[in-house]
Amino acid sequence: MNAMVELGPEDSGCRSAPPVLTVQVEKDMEALVQRFLARKRGDLDRLRGALATDDFETMRRIGHDLKGSGEAFGFPELSGFGAEIERAATSSNGHALREQLTAVEQFLSHLRVTFR
Amino acid sequence: MHLSQPSVLVAEDNEDIRELVSHQLRRMGVEVMVAEDGRRALDLALATRPTLVLMDMDMPVMSGFDAVAALRAQGYTGQIYALTAYQDGPEADRALASGCDALLGKPIRSDRLRSRVAQALGRSSEVPAV
Chain A
3 MNAMVELGPE DSGCRSAPPV LTVQVEKDME ALVQRFLARK RGDLDRLRGA LATDDFETMR
63 RIGHDLKGSG EAFGFPELSG FGAEIERAAT SSNGHALREQ LTAVEQFLSH LRVTFR
Chain B
476 MHLSQPSVLV AEDNEDIREL VSHQLRRMGV EVMVAEDGRR ALDLALATRP TLVLMDMDMP
536 VMSGFDAVAA LRAQGYTGQI YALTAYQDGP EADRALASGC DALLGKPIRS DRLRSRVAQA
596 LGRSSEVPAV
């Protein structure tokens, strides 16, 4: 998949605004990518639930799947988060899992995808 | 049921990857079937005899390794490509030993996927992967 990534201020008039990650993907992929991102936002809820119950196997599986799919959809950062989640879940490291959950939340909240 | 036109079975438990691969193959005009675990893949492949099977090796219910071995044991002679992050080492060797013809690396790259599938189906119109 061809993707173009730009990192810049969300609002050039506001210096404190968080950066926005803009990813441009092919128009043909729009529905697919939208479904993918919706599922990833759903995974955040599943991760929160699994963290609350120390369900490390569920977290490991979510991380594994994210590692395998993020880059394929044009989001290598998500694959990186997925690898970290899988690793942290395998070692039952709740602290690292919370950090990664926050990182994924921030990434998705700052992500802007355009289609060409 | 035997399909008369080239067809590909995508066996992959990751819904995202299953959708992505299926989408790319349909863009090529290929008939696509999907399975979300090794057992389902085995049953579907034996019933439909696809031209090519793309098999994730790490799946629930029945692993890709076991599904491929069972397919070969039951006379499936079509091509099987292992979908795996391991391009060499024990996991790659095990995939080939179980009966896979080749490895298709993860993460999936759409251009490489289409090129390899086109090769497997005997097509030459797809642009080769760089």
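The listed protein sequences derive, respectively, from chains A and B. Here the first sequence is numbered in my numbering, starting from 3 and rising by one per residue. Here the second sequence is numbered in my numbering, starting from 476 and rising by one per residue. Cβ coordinates follow ideal geometry from the N, Cα and C atoms, glycine included.
Asked                                                                                                                     : Found
Phe109(A) beta carbon less than 8 Å from that of Leu122(A)                                                                : Residue 122(A) lies beyond the stretch modelled for chain A, which goes from 3 to 118, so this question has no answer here.
Whether Ala595(B) touches Ser573(B) by CB criterion (8 Å)                                                                 : no
Exposed unless 16 or more other CB atoms sit within 10 angstroms - verdict on Pro565(B)                                   : exposed
Asp586(B), enclosing alpha helix (DSSP H) - first and last residue                                                        : 585–595
Chain A contact for Glu494(B) (CB, 8 Å cutoff)                                                                            : yes
Neighbourhood of Ala85(A) by C-beta distance below 6 Å, restricted to the same chain and skipping five residues each side : Lys69
Where Met61(A) sits in the DSSP three-state scheme                                                                        : helix
With 16 other Cβ atoms within 10 Å as the buried cut-off, status of Lys42(A)                                              : buried
Secondary structure of Gln554(B), DSSP reduced to three states                                                            : strand
Sub-8 Å separation of Leu588(B) and Leu579(B) beta-carbons                                                                : yes
Gly618(B) to Arg591(B) span [Cα, whole Å]                                                                                 : Since the first residue shown for chain B is 476 and the last is 605, residue 618(B) is missing from the structure and cannot be characterised.
Interface positions of the segment 29–45 of chain A facing chain B (Cβ-Cβ less than 8 Å), listed along the chain          : Asp30, Met31, Leu34, Arg37, Phe38, Arg41
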